[in-house]
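J.: Per our numbering, residue 1042 is the first one in the sequence shown, and the count goes up by one each step. Quick one: structure below, then a few questions.
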Amino acid sequence: MDRKAKIICTIGPATHTEEAIAQLIDAGMDVARLNFSHGSHQSHLEAMRLVRAVSERKGKTVAVLQDLQGPKIRIGSFENGCVNIVPGATFTITTRPCKGDANGVSTPYTRLPADARPGTAILLHDGLIKLEVTATDGENVTCKVVDGGMLSDRGGISLPGVRISEPSLTEKDKEDLIFGLEHGVDYVALSFVRDARDLVGIRAFIREHAAGRAHVPVVAKLETAEALDKLDAIIDQADAVMVARGDLGVEISAARVPVVQKDIIERCHKAGKPVITATQMLDSMANQPTPTRAEASDVANAVFDGSDAVMLSVETAFGKYPVKSVETMAAIIREAEKTDYFRLGHPPMRKDRLASAQSICRAAFHTADGVNARMIVCCTTTGISARLMSKYRPKAPIIALSRYPATLRRTALYWGTVPMLMDFERNVDNIIQRMVEKTSALFPLHAGDKVVITSGASLTAGGTNLLRLYTHLEEGPVDVHNPDEVEPQPWMGHDG
């Protein structure tokens, strides 16, 4: 593995074929994102099956991320597909179904007149068009155009600073989520998270409908100004976080976005939660074969900040150069990781049920660094130990060994982690020999190479409690905490 930060690719019309997905995987895709704001259940199912089949054939673990639409408010359509509105004009958004023109347009969101007030700012077309509400009634929101421009069918509506009535998990989201759970998605992204209660709500829904998959990791998408006031509580409740800069950049000023991005990434690192930086990272590559210098710097700075993963959206979903976009992003990551700019401080120790597991991971990190280990092997049941290890950003690659494919797909998002499928035996010598054989293709060992191994003796989450140091072809496994022990132990296989 020649890079540590992971790449998420959005699957869309440009990449909805077996050949295209194979090329994305070869180029460096670690996670396939299915955007449920677009497409049908059937098209997403076909994409998921292609990702599963191609990744299995290629022997690379690729996770599937289901991205729910959330309470995205949109305008309706126009008589001619688009219209130009000018500053100073009156423009009405109505809940009555009708075709739009220069005087107004409809919206399917019936609560808009109740949510808006005179003086409320309404932003359209990704914030490029600004309206100011002058009056509301039961079905109309009358506005003055402040910043005009060209409006197209079904553009988004944003009300910065206004808590809309629609819940974060909409009825459409519930239908989509049930579909995703039935077909085994690896992550679920909840859009427009406003506070920790939104995450509690989706977890309860997952428990009710998951049919034995009660713990499907939830990614909290941070894209509202309201969420920024409750960051710590949201991060604590989430399994991972996405800095969704598109809608966030509409809610807050563009000048604040880089500062907010760094703050969110730092907080996630301290909490030991994976963080994804997303939106417009290589946007120009949707139409051009090379990125702008600013885009290359944006990707590199996301790596320097400490992002576990960076995401491509329109570039791979609809763009002309989807594979080239992934190759370019991978190259930028590799160059960024050659420097020390991306090294982060160590996260603080936890004081919860994962405290002992983090203690082992911290000791493993220092041991690996001290002996210049060839790799760190985490024998894992749930993937937690691999996640905790990744937050220390070790120089050595992290190998997540598990007998569970679902666990391995989860670790595909984790920084610096290489998932590998392997069942566990009860004999130390046998398991180490198999580990050496399993990892040899990517990380061949030479005489004297050191391998740090973590595991646990229980099936409980956070059960990692064993650390061993193996020296290849020179000696058997040594228990770092009890170096005099020589009898093989049934230690391999559990962590939590």
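Cβ atoms here follow ideal geometry from the backbone N, Cα and C, with glycine treated the same way. Fair warning: this is a prediction, and the values are worked out from it, not measured in the lab.
Does DSSP put I1205 in a helix, in a strand, or in coil?
T.: coil
J.: Count the CB pairs spanning the region 1139-1154 and the region 1104-1115 that are closer than 8 angstroms, and state whether there are at least three.
T.: yes
J.: Write down the C-beta distance between M1283 and A1237 rounded to the nearest angstrom, noting that I regard them as a contact closer than 8 angstroms.
T.: About 16 angstroms; that fails the 8 angstroms criterion.
J.: How would you label N1471, buried or exposed, when you count the other beta carbons within 10 angstroms and need 16 or more for buried?
T.: exposed
J.: Going by DSSP, what residue range makes up the beta strand (DSSP E) through S1553?
T.: Absent from the structure is residue 1553, since the part of the chain shown begins at 1042 and ends at 1537.
J.: Spell out a yes or no on whether the region 1476-1492 and the region 1445-1456 are touching, meaning 3 or more CB-CB pairs, one atom from each, closer than 8 angstroms.
T.: no
J.: Determine the burial state of K1379: buried for a count of at least 16 other Cβ atoms within 10 Å of its Cβ, exposed for fewer.
T.: K1379 comes out exposed.
J.: Since L1075 and L1106 are thought to touch, with beta carbons under 8 angstroms apart, how far apart are those beta carbons, to the nearest angstrom?
T.: 7 angstroms
J.: Report the option in K1045, V1092, K1171, Q1399 whose CA atom is closest to the CA atom of I1052.
T.: V1092
J.: Would you give the residue range spanned by the beta strand (DSSP E) that V1124 belongs to?
T.: 1123-1126
J.: Tell me, please, whether the CB atom of L1323 is closer than 8 angstroms to any CB atom in chain C?
T.: Any reference to chain C falls outside this structure, which holds one protein chain only.
J.: May I have the straight-line CA-CA distance separating I1440 from G1347, to the nearest angstrom?
T.: Straight-line Cα distance between these residues: approximately 20 angstroms.
J.: Could you give the DSSP three-state label for T1501: helix, strand or coil?
T.: Residue confidence is low: T1501 scores 46 on pLDDT, short of 50, so the model does not pin down where it sits. Its coordinate-derived value is still stated next. Looking at T1501 - three-state DSSP - the assignment turns out to be coil, as it is neither helix nor strand.
J.: Within the chosen definition, does the region 1307-1321 reach the region 1335-1350 through at least 3 CB pairs nearer than 8 angstroms?
T.: yes
J.: Report buried or exposed for M1533, applying the criterion of at least 16 other Cβ atoms within 10 angstroms of its Cβ.
T.: In this predicted model, M1533 has a pLDDT of only 45, less than 50, meaning its place in the structure is not dependable enough to derive any value.
J.: Is S1366 helix, strand or coil by DSSP?
T.: Secondary structure of S1366 (DSSP, three-state): helix.
J.: If we count the other Cβ atoms within 10 Å of its Cβ and call it buried at 16 or more, is P1138 buried or exposed?
T.: exposed
J.: Measure from the alpha carbon of A1221 to the alpha carbon of each residue in K1491, P1054, I1306, I1247, then state which is nearest.
T.: A small correction: the amino acid at residue 1221 is Gly; Ala does not occupy that position in the sequence shown. When each option's Cα is compared against that of G1221, the closest is I1247.
J.: Measure the CB-CB distance between M1322 and V1340 and report whether it falls below 8 angstroms.
T.: In this structure, M1322 lies near V1340, with their beta-carbon atoms less than 8 angstroms apart.
J.: To which residues of the same chain is F1185 closer than 6 angstroms at the C-beta, ignoring the five residues directly before and after it?
T.: The amino acid at residue 1185 is misidentified as Phe; the sequence shows Lys. Around K1185: E1173, T1175.
J.: Put N1160 into one of helix, strand or coil per three-state DSSP.
T.: In the sequence on display, residue 1160 carries Gly and not Asn. Looking at G1160 - three-state DSSP - the assignment turns out to be coil, as it is neither helix nor strand.
J.: Indicate whether the contact test is met: 3 or more Cβ pairs, each with one atom in the region 1152-1169 and one in the region 1127-1138, closer than 8 angstroms.
T.: yes
J.: Have a look at the DSSP bridge pairing and note the partners of K1262.
T.: In the DSSP output, where bridge partners are listed per residue, K1262 has M1283.
J.: Just tell me which of G1197, E1376, D1273 has its CA closest to the CA of V1234.
T.: Of G1197, E1376, D1273, the residue nearest in Cα terms is D1273.
J.: Return helix, strand or coil for P1154, following the three-state DSSP convention.
T.: DSSP places P1154 within a helical segment (H, G or I) once states are collapsed to three.
J.: Considering only C-alpha positions, which residue in the set D1280, T1357, S1294, I1373 is nearest to T1333?
T.: I1373
J.: Considering only residues of the same chain and omitting the five flanking positions on each side of G1242, which have a CB-CB separation below 8 angstroms?
T.: P1208, S1209, L1210
J.: Quick one: what's got a C-beta closer than 6 angstroms to Q1278's C-beta in the same chain, skipping five residues either side?
T.: A1237, L1240
J.: Helix, strand or coil for M1089? Go by DSSP, reduced to three states.
T.: helix
J.: Look at the alpha carbon of S1118 and the alpha carbon of I1126, and state the distance between them as a whole number of angstroms.
T.: Roughly 15 angstroms between the two C-alpha positions.
J.: Is the region 1044-1063 touching the region 1355-1363, taking contact as three or more C-beta pairs under 8 angstroms?
T.: yes
J.: Using a Cβ-Cβ cutoff of less than 8 angstroms, which residues in the same chain neighbour L1269 once the five nearest sequence positions on both sides are dropped?
T.: L1263, I1293, V1301
J.: Please name the residue, chosen from R1044, I1425, T1421, R1434, that lies closest to R1444 on a Cα-to-Cα basis.
T.: T1421
J.: Provide the residue(s) that pair with S1443 in DSSP beta bridges, ordered along the chain.
T.: L1462
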